[in-house]
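*Asks:*
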Amino acid sequence: MKVPVNITVNGRSYQRDVEPRQLLVHFIRDLGGLTGTKVGCDTSQCGSCTVLLDGVAVKSCSCLAVQADGAAVTTIEGLAEQGTLHPLQEAFWDKHGLQCGFCTPGMILASHELLRHNPDPSDADIRHGLEGNLCRCTGYQNIVRAVRHAADALAEK
Amino acid sequence: MATRLFGSGIRRREDPRLITGSATYTDDLTLPGMVHAAMLRSPHAHATVGTIDISRAQASPGVLAVYTGKDTSDGLQPMPCAWLVPDADLKVATYPCIATDTVRYVGDIVAVVVAEDPYQAYDALDLIDVEYTALPAVTNPAEAAGDGAPQVHADVDKNQAFHWAVSGGDVDAAFKDAEVVVKERIIQQRLIPNAMEPRAALAEYDQASGDLTLWNTTQNPHILRFLNSVVTGVPEDRARIIAPEVGGGFGSKIPAYPGEFITVFCAKQLGRPVKWNETRSENYQATTHGRDHVQEIELAAKKDGTITGLRCTVWAGMGAYLSTAAPGIPTILHGLMLPACYGIPAIKEDVYGVYTNTTPVEAYRGAGRPEATFMVERMVDRLAGEIGMDPADVRKKNLIPAFDDGHDTVTGLTYDSGDYPTALDKLLSHADYARLRAEQATARKSGRYIGLGLSTYVEMCGLGPSQVAGAIGFQGGLWESAIVRVHPTGKVHVFIGTSPHGQGEETTFAQIVADEIGVGADDVKVIHGDTDTTPMGWGTYGSRTTAVGGAALAKAARKVRDKAKVIAAHLLEAAVEDMEFADGKYSVKGSPDKAKSLAEVALMANVAWNMPANVEAGLEASTFYDPPNFTFPFGAHLAVVEVDKATGQVDLKRYVAIDDCGPQINPVIVEGQVHGGVVQGIGQALWEQAVYDDSGQLVTGSMLDYALPRAGRLPEIEVLSTVTPSPHHPLGVKGIGEAGTIASTVAVYNAVMDALGPLGVETIDMPFTPERVWRAIQQATKGH
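Printed below as a string of structure tokens:
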């Protein structure tokens, strides 16, 4: 039995009939083209699937599509506004905060959440705040630099 | 003056697509009519397989097909092993893509389901009934090599996949005359590589033409095309292998796996595109693991600290089958490096490759070299403790003096260039080692246990030349190729045979070309990972992409430059001998105003209206570069830890890395490689371990159970460098991808043991979990 849902993704409304068990991450990835949200594990450890649900970061592998009915989701594809990169995206690029890039969408959106709560984090705050996201390439150091850089850029805005 | 891009830390050209989510990894692809495969894997480490009832699965909604090993035995040949190490009595056991009568590790594939959507495919897996009869299993390589151990393969006596030995110098004399001998048994625990992108394959097969396209998470698509032809029977000219965006590999995406070939089989049978994605749990069970050595080591020395010999025996777990390159890793890539940066004059090592009922083992970042570096560097610290010398002084006493034209080792290698004493001196001075020792002594008086751990290393990378590949049993070449093609507007396409997957060569290779021919880095697009469009190459591993592929590229670019010079001379009505390439332009010597840009030359070369006599149209060159030798990067690292005696908690307080990879094309990218590499090595020392229970179940079977490094548990890594060019590389560069991992595990290990030395703790098996450290302290101090 399928269930109707209406989920807004990056400002566009999607009405679909979904299986009750379908994960939000699969709902998003199956919309056609929105594959920036990644599936890196099956135990909610890696954080690659992090999206914003009504502005709050969630691991979209730990949320059913039916739970997101009526909500607004922002994925990595929706972060840049009118072609201008979000300061976090610019900062990850500037500070070499990514290598293979697979964890990056989730890492950027988790950082978005971190800065929402703490606009002026110390390096230790950033490291603590990103404990729920795994990266195997960077050793995290340039991710920390990127988030700190983005915090400065956002403060100047 | 044109700005030189070599050496500039420009932003990566890869990143815009990666930070916006538009990059396309294998799982991001969708084809019309695409269906999904899921693999049924053995829950037993060792069992015979009786009847397999697939009828309920076949009737499950959305299911198109269910295949077992009986169905695939004609269409899929056994998995080949491609590194047949010679003089090792190598026994390559049959490795079927789908097991038929026996399963040999938890994760061995017994059936595949193809269904319209992935949820349906996984539902159907649960409906397959397999009759297993469990057999005794063995997981520890040293135990598997012993008498009476369960036999993983009936036709391989004592589970011995190979016995390889290396020796040089007079080891017996070294130990007979030794004033000091130190011994240790070290467990290089099994690790799980954990590339963030799980493996995936998408196969599209045209039954009419016989053309196959296989998108796959591979580090070496050209090797995969060859192996695919062996296993699936699709000829190389009919198979196009594409490595799209690949999310890390660390060695685990070098080998070919049954999964992608089964996916090809299904696509051939069904005539529909078939996608297969492994889950992370499958990745833990069935994507190759790393390390897994039991090492017994003895070091001979004089009382003044001079190292005179090294003798060791290693049992290297191979897992249930020999993965593609597996035999070469604990042998060639390991044993030959034992002279280390000390030029140890007498070496004897026996390596026993052992089958166990575990996931196959393959290259994992560093691949054999971390295990060798660990052995030597650990024993140096043991020696220092034994003779009462500071570990830094023992190293200084033994390091090979600086050289720039080759140093021969007793294991038959010729290090290209090195300045190990300078690296160590710079490390000690930057870290203020003397002050750290004084602080350590003060802290001890107040009951705080601080430890300093050093490691120095030299590694071999840029694997080659191909003649050596043949001699060491590598079933391929080790050259690299590149094509540089300049279009009419002066924009450049570069096609390379290697296949970067996060290392940033789309940027660094553009930097190389830009300087060589006179364009901007933004004018160069680097194309890789598609066997139909790129020239043959052997892939990205062993820190060889820049060390070998970068050399090929530089040589191809120089051919383009030479031709551009000829065309520019013609256009300027000058003699070719009077031309020079200066400031990014092709000009007449002494007359910088008489010059042509690359774009001007390229336009003429492409329209060919006015070409010099006997010069072909077009502006393009290709090269096949076979390196004359390996390259040998080196460095010196220091870890500072504090151990809480009451809880056993290890706090990594400081980490300093000095690495010498020769001249750095992009220092920001080099630093990023060091960060990542160092942290992976720290992970081995402090947190990571693949654990099997006695029945062969993988206890650490998910990211929840296997402790990966996380941001909050790491200090800022201090990264420094020295620059010693390779004498034989066209750009002098050596490679940096694995350096950090090679050096860091033992640096942290030595630091922890240094901290615990006053308590009488001599050895602890990694990883240094609080429980293990606490138990070791309790045992050494009897609870006091």
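In order, the protein sequences belong to chains A and B. Take the first sequence: its position 150, counted from the start at 1, is 150 in my numbering, and no numbers get skipped. Count along the second sequence starting at 1, add 1000, and that's the number in my numbering. Cβ coordinates follow ideal geometry from the N, Cα and C atoms, glycine included.
Looking only at its chain, what residues have a beta carbon closer than 7 Å to the beta carbon of Leu31 (chain A), apart from the 5 residues adjacent to it on each side?
*Replies:* Same-chain partners within the cutoff: Val9 and Tyr14.
*Asks:* Taking Cβ positions, are Val1492 (chain B) and Asp1523 (chain B) nearer each other than 8 Å?
*Replies:* A contact, by the Cβ cut-off of 8 Å.
*Asks:* How should His1430 (chain B) be labelled, buried or exposed, when 16 other C-beta atoms within 10 angstroms of its C-beta is the threshold for buried?
*Replies:* Flag for His1430 (chain B) reads exposed.
*Asks:* What are the start and end residues of each continuous beta strand (DSSP E) run of 3 or more residues lying completely inside the stretch 1742-1766 of chain B, in chain order?
*Replies:* Whole beta strand (DSSP E) segments, 3+ residues: zero.
*Asks:* If you reduce the DSSP assignment to three classes, tell me which class Arg1012 (chain B) lands in.
*Replies:* DSSP places Arg1012 (chain B) in coil when its eight states are reduced to three.
*Asks:* Hey, quick one: how far does the alpha helix (DSSP H) through Asn1606 (chain B) stretch, first residue to last?
*Replies:* Looking at the DSSP string, the run of the alpha helix (DSSP H) that includes Asn1606 (chain B) is Leu1598 to Val1607.
*Asks:* Answer with buried or exposed for Thr1139 (chain B), where buried requires no fewer than 16 other C-beta atoms within 10 angstroms of its C-beta.
*Replies:* Under this definition Thr1139 (chain B) is a buried residue.
*Asks:* What does Val959 (chain B) reach in chain A if we use C-beta pairs closer than 8 Å?
*Replies:* Limits of chain B in this structure are 1001 at one end and 1784 at the other, which puts residue 959 (chain B) out of reach.
*Asks:* If we count the other Cβ atoms within 10 Å of its Cβ and call it buried at 16 or more, is Ser62 (chain A) buried or exposed?
*Replies:* It counts as exposed.
*Asks:* Which residue wins for smallest C-alpha separation from Cys1312 (chain B), given the options B:Trp1276, B:Phe1374, B:Gly1233 and B:Thr1700?
*Replies:* The shortest C-alpha separation from Cys1312 (chain B) is found at B:Phe1374.
*Asks:* Within 8 Å of any Cβ in chain A, is that where the Cβ of Gly1787 (chain B) sits?
*Replies:* The structure shown does not extend to residue 1787 (chain B), since chain B is modelled only from 1001 to 1784, so the question has no answer here.
*Asks:* Apart from the five residues just before and just after Met1001 (chain B), which ones in its own chain have a Cβ nearer than 7 Å to its Cβ?
*Replies:* At Met1001 (chain B), the pLDDT of 44 sits below 50, so the modelled position is not reliable and the matter cannot be decided from this model.
*Asks:* Assuming Ile1254 (chain B) and Ala1325 (chain B) form a contact by the criterion Cβ under 8 Å, report the distance between their Cβ atoms to the nearest whole angstrom.
*Replies:* Correct: roughly 6 Å between the Cβ atoms.
*Asks:* Classify Arg1710 (chain B) as buried or exposed, calling it buried when 16 or more other Cβ atoms lie within 10 Å of its own Cβ.
*Replies:* Arg1710 (chain B) should be labelled buried.
*Asks:* Classify Met1001 (chain B) as helix, strand or coil using the three-state DSSP reduction.
*Replies:* For Met1001 (chain B), the predicted model reports a pLDDT of 44, less than 50, meaning its position is unreliable and no value from the coordinates is stated.
*Asks:* Taking DSSP as the reference, what is the three-state secondary structure of Phe1829 (chain B)?
*Replies:* Not covered by the structure: residue 1829 (chain B). The range shown for chain B is 1001 to 1784.
*Asks:* Quick one: what's got a C-beta closer than 6 Å to Asp1292 (chain B)'s C-beta in the same chain, skipping five residues either side?
*Replies:* Only Arg1190, Gly1317 and Val1361 meet the Cβ criterion.
*Asks:* Report the rounded CA-to-CA distance for Ile1483 (chain B) versus Thr1531 (chain B), giving the unit in angstroms.
*Replies:* Approximately 13 Å between the Cα atoms of the pair.
*Asks:* Taking 8 Å as the threshold (C-beta atoms), are Cys49 (chain A) and Asp106 (chain A) in contact?
*Replies:* In the sequence as displayed, the identity of residue 106 (chain A) is Gly instead of Asp. Result yes, Cβ atoms of Gly106 (chain A) and Cys49 (chain A) sit closer than 8 Å.
*Asks:* Taking the beta carbon of Glu1349 (chain B) as the centre, do at least 16 other beta carbons fall within 10 Å, making it buried, or is it exposed?
*Replies:* Result: buried.
*Asks:* In angstroms, rounded to a whole number, what distance separates the CA positions of Ala1161 (chain B) and Gly1007 (chain B)?
*Replies:* Each residue's alpha carbon lies about 46 Å from the other.
*Asks:* Secondary structure at Lys1585 (chain B), three-state DSSP: helix, strand or coil?
*Replies:* Note: Lys1585 (chain B) maps to strand in three-state DSSP.
*Asks:* Using the DSSP secondary-structure output, state which residues sit across from His1293 (chain B) in a beta bridge.
*Replies:* Answer is B:Gln1188 and B:Ala1316.
*Asks:* Is there contact between the stretch 1172-1192 of chain B and the stretch 1755-1774 of chain B, where contact requires at least three CB pairs shorter than 8 Å?
*Replies:* The stretch 1172-1192 of chain B vs the stretch 1755-1774 of chain B: in contact.
*Asks:* Starting from the Cα of Gln182 (chain A), find the closest Cα among B:Ala1023, B:Ala1613, B:Asp1432 and B:Val1513 and give me that residue.
*Replies:* Since the first and last residues shown for chain A are 1 and 157, residue 182 (chain A) lies out of range.
*Asks:* Taking just the CA atoms, how far does Ala1617 (chain B) sit from Val1607 (chain B)?
*Replies:* If I take the Cα positions, the gap works out to 8 Å.
*Asks:* Cβ of Val1106 (chain B) within 8 Å of Cβ of Val1130 (chain B)?
*Replies:* Not closer than 8 Å, so no.
*Asks:* May I ask you to report which of helix, strand or coil DSSP gives Tyr1706 (chain B)?
*Replies:* Tyr1706 (chain B): coil per DSSP, three-state reduction.
*Asks:* Use the C-beta contact count for Met1 (chain A): other C-beta atoms within 10 angstroms, 16 or more gives buried, fewer gives exposed.
*Replies:* With fewer than 16 Cβ atoms within 10 Å of its Cβ, Met1 (chain A) is classed as exposed.
*Asks:* Could you tell me whether the Cβ atoms of Gly1366 (chain B) and Thr1068 (chain B) are closer together than 8 Å?
*Replies:* No, the pair does not count as a contact, with Cβ atoms beyond the cut-off.
*Asks:* May I have the straight-line CA-CA distance separating Met1337 (chain B) from Pro1488 (chain B), to the nearest angstrom?
*Replies:* Taking the straight line from one Cα to the other gives about 49 Å.
*Asks:* Would Cys100 (chain A) count as contacting chain B if we go by Cβ distances under 8 Å?
*Replies:* So, interface residue.
*Asks:* For Ile1254 (chain B), does the three-state DSSP call read helix, strand or coil?
*Replies:* Reduced to three states, the DSSP call for Ile1254 (chain B) is coil.
*Asks:* Can you find a C-beta in chain B that's less than 8 Å from the C-beta of Gly36 (chain A)?
*Replies:* True, the Cβ-Cβ gap to chain B drops below 8 Å.
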